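Enquirer: Numbering (the working numbering) for the sequence shown: 1 to 88.
Structure in structure tokens, see below.
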Amino acid sequence: MFDQRPYDFHPKPRMQQNTLSRKEIAIERKQFAIALNENPRGRFVRIVENGGNRPASIIIPAAGLKEFRQLLADMVKASQEIKTKAGT
């Protein structure tokens with residue numbers, strides 16, 4: 001049978017990280033912070049959206065940045081080429 005003890009949660013300690021570069025941008029009512037960070041596991045970009053009750057973030061490992069940039073460029077191109085429902 002299963003153990004009836006309460007779940008014992010021990011979060012991992014935060015890993016030391018260095019911020020190498022950081023930029024912020026405001027788009028409509030949202031604020032975005034984009035930072036290039038480095039920790040013992042490698043470099044990564046963290047994108048944080050501040051616009052609601054709680055910030056949301058994504059992390060992209062440096063190894064995937066070139067592919068992520070291409071995907072983003074594809075989305076920009078699609079946004080410009082596809083007509084909106086309003087017909088503009």
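For every residue, glycine included, the Cβ atom is placed at its ideal position computed from N, Cα and C.
Just so we're clear, the structure is a prediction, and the values are computed from it rather than from any experiment.
For the candidate residues Phe-32, Met-15, Asn-37, whose alpha-carbon lies nearest to that of Ser-21?
Expert: Checking every option, the nearest Cα to that of Ser-21 belongs to Asn-37.
Enquirer: Can the beta-carbon of Phe-32 be found closer than 8 Å to that of Val-48?
Expert: Yes, they are a contact pair.
Enquirer: Could you tell me the alpha carbon to alpha carbon distance between Arg-29 and Asn-53, rounded to whole angstroms?
Expert: If I take the Cα positions, the gap works out to 13 Å.
Enquirer: Give me the Cβ distance between Ala-62 and Arg-41, rounded to the nearest whole Å; I'm assuming they're in contact under 8 Å.
Expert: Incorrect: roughly 10 Å between the Cβ atoms, too far for contact.
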